[in-house]
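Position one of the sequence shown corresponds to residue 6 (this note's numbering), numbered consecutively onward. Don't be surprised by glycine CBs; every beta carbon is placed ideally from N, CA and C. This report refers to the structure that appears directly beneath it.
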Amino acid sequence: MKTKAEHCQVEITACNEKLERYNQQLQSEEIVGLHLALIEKQKLIADKEQLIAKQEAELDLLKRALQEKMQGTQFTSLHELTEMLELLQHQPELERHLAELEQEIDAKTIDLEKSRLELEAENALVATELSPEHLDAQLKSVTEKLAIAGLETQRLEQLLNEQKQLKQKADAILIQLQDQEEIARLCGAEAAQIAEESGMAFRRRVQQRVADRLLSQTNAVLEKISGRYYLRQMPSDQGLALEVEDTYQDNARRLPKTLSGGESFVVSLALALGLSELANNGKSVDSLFLDEGFGNLDSETLYTVISTLEGLQTHGKTVGVISHVEGVQKRFKAQLQVVKKPNGMGMLKQVS
Numbered sequence: 006m007k008t009k010a011e012h013c014q015v016e017i018t019a020c021n022e023k024l025e026r027y028n029q030q031l032q033s034e035e036i037v038g039l040h041l042a043l044i045e046k047q048k049l050i051a052d053k054e055q056l057i058a059k060q061e062a063e064l065d066l067l068k069r070a071l072q073e074k075m076q077g078t079q080f081t082s083l084h085e086l087t088e089m090l091e092l093l094q095h096q097p098e099l100e101r102h103l104a105e106l107e108q109e110i111d112a113k114t115i116d117l118e119k120s121r122l123e124l125e126a127e128n129a130l131v132a133t134e135l136s137p138e139h140l141d142a143q144l145k146s147v148t149e150k151l152a153i154a155g156l157e158t159q160r161l162e163q164l165l166n167e168q169k170q171l172k173q174k175a176d177a178i179l180i181q182l183q184d185q186e187e188i189a190r191l192c193g194a195e196a197a198q199i200a201e202e203s204g205m206a207f208r209r210r211v212q213q214r215v216a217d218r219l220l221s222q223t224n225a226v227l228e229k230i231s232g233r234y235y236l237r238q239m240p241s242d243q244g245l246a247l248e249v250e251d252t253y254q255d256n257a258r259r260l261p262k263t264l265s266g267g268e269s270f271v272v273s274l275a276l277a278l279g280l281s282e283l284a285n286n287g288k289s290v291d292s293l294f295l296d297e298g299f300g301n302l303d304s305e306t307l308y309t310v311i312s313t314l315e316g317l318q319t320h321g322k323t324v325g326v327i328s329h330v331e332g333v334q335k336r337f338k339a340q341l342q343v344v345k346k347p348n349g350m351g352m353l354k355q356v357s
C-alpha cells in the first residue's frame, strides 16, 4: 500500500506538471489570439479612417463645385438653396393657396367697385334732392334739438344728484332710526325689568353701575399718581365695600384701614378726584384745593403726601394747598400769604 501510495503521488505530481504546462501553453495561445484580434481591429479602424477621409474630400469637392455653379445664380449661400428646394417640394400647395388668394382679391375688387357705384348714385341723389338752404334748415333744427337735449340732460343730472343726496340723508336717518330703536328696545327691556323688580333691587343695580364707574375713574387716577394701589369692590350687603390691591405684594388685597397715613391719603385723594370727575360727567378735574389736613401727619407720611401732590402737577392738574404747617409751605415754590395790615384787615402777598 505504501508503494502504491508513492506511485500515486508520483503520478499526481506528473499530472500537475502536465496541467501547469498546458495552462502556460493555453495562456500563450490566448495572448497571441488577442494580439491578432487587436491588429485586425486596428487595421479595420485605419481602413474606416481612410474611407472617411476619402468621403470628406469628395464632399469638399462637391461643395466647391456647387459654389462654382451658384456664382451665376441668385443664391448666395447653401442655406438659401436649401430653403428654395424645400419650397419647391411644397410648390403645388403654394400655387393652390396663391390661386385662392387671387380669387379672394377678385371678389373684393368686385365688391369695392359695386360699393363705389352705389356711393356715387347716393351722392348724385343727395345732390339733386337736398339744396343748401334745406341742409341749413335741417342743421339748425338738429342743433336746436341737441341744445334742448343738453339742457334736459343737465336737469336730469341735477335731479340725480339731488336724489343721491336725499338717499344719503335717508340712509343716515335710517341708521339713526335703527340706533334709536335699539336704544328704545334696551330701555323697554330695562323698564320691564324695573317693573318686575322691587324698588330696592333697581336702586342696588344703579348703585352698582355708579360704583363701577367710580372705581374705574379712581383706579385711572391711582395709576397715574401711585402705580401701586388699586381699589377693588368686595361683596357686601351693607353698600360699597372696598379692598386695596397692592401690586408690590403679589396683588394681595387688604382692608383700607391697614394702610398707613400717607397711603390712606393717596387712596383718598384718588377717590375724591374720581368722584369729582364722575360728578362732572367724566370731564377731567383740572384744579384741586386742599384745606389743611397736614398737621397730624408724621414726616414720612407728609413727604409721601407732598410728593403725590407734586405728581398731580406733572399730569396737568393745578393743586392749591392751604396750610399753616411750615414743612408743607417750604415744599411749594409759588405761595400766597395772608398778611395782616395795621388797620386789622388782611391782604394777599406773593412769596417768591
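The C-alpha of residue 268 is placed about 8 Å away from the C-alpha of residue 310. In the DSSP annotation of this structure, the continuous segment of the beta strand (DSSP E) that includes residue 239 starts and ends at 234-239. For residue 330, no beta strand (DSSP E) encloses it, and the DSSP letter there is neither H nor E. Residue burial annotation: residue 282 is buried, with at least 16 other C-beta atoms found within 10 angstroms of its C-beta. Rounded to whole angstroms, the gap between the alpha carbons of residue 119 and residue 91 is 41 Å.
Taken in chain order, the region 160-200 contains no complete beta strand (DSSP E) segment of 3 residues or longer. Contact between the region 227-247 and the region 262-279 is present: three or more C-beta pairs spanning the two stretches fall below 8 Å. With a beta-carbon spacing of about 14 Å, residue 238 and residue 227 fall beyond the 8 Å limit used to define contacts. Comparing alpha carbon positions, the residue from 153, 312, 263, 259 closest to residue 274 is 312. Residues of the same chain with a CB within less than 8 Å of the CB of residue 179, apart from the 5 flanking positions on each side, do not exist. The alpha-carbon separation between residue 21 and residue 59 amounts to approximately 57 Å. Counting only the Cα atoms, residue 49 lies some 18 Å from residue 37.
Counting along the chain, residue 260 sits inside no alpha helix (DSSP H), nor does DSSP assign it H or E at all.
Scanning the region 45-104 for uninterrupted alpha helix (DSSP H) segments of 4 residues or longer gives 83-94, listed from N- to C-terminal end. Excluding residues up to 5 positions away in sequence, 219, 222, 223, 226 lie with their Cβ nearer than 6 Å to the Cβ of residue 279 in the same chain.
Judged by beta-carbon spacing, residue 325 lies beyond the 8 Å limit of residue 307, meaning their Cβ atoms are not closer than that value. Contact annotation, residue 343 with residue 351: C-beta distance approximately 5 Å; criterion of less than 8 Å satisfied.
Rounded to whole angstroms, residue 105 and residue 115 show a C-alpha spacing of 15 Å. Residue range 292-296 is occupied by the beta strand (DSSP E) that includes residue 294. Residue state for residue 341 is assigned as strand, using DSSP reduced to three classes. Pairing residue 322 with residue 254, the inter-Cα distance amounts to about 30 Å.
8 Å or more divides the Cβ of residue 327 from the Cβ of residue 291.
DSSP places residue 155 in the helix class (H, G or I) of the three-state scheme. Going by DSSP, residue 351 is part of the beta strand (DSSP E) stretching over 351-356.
Sorting 356, 229, 250 by C-alpha distance to the C-alpha of residue 314 places 229 at the top. Each residue's CA atom was taken as its position, placing residue 338 and residue 356 some 8 Å apart.
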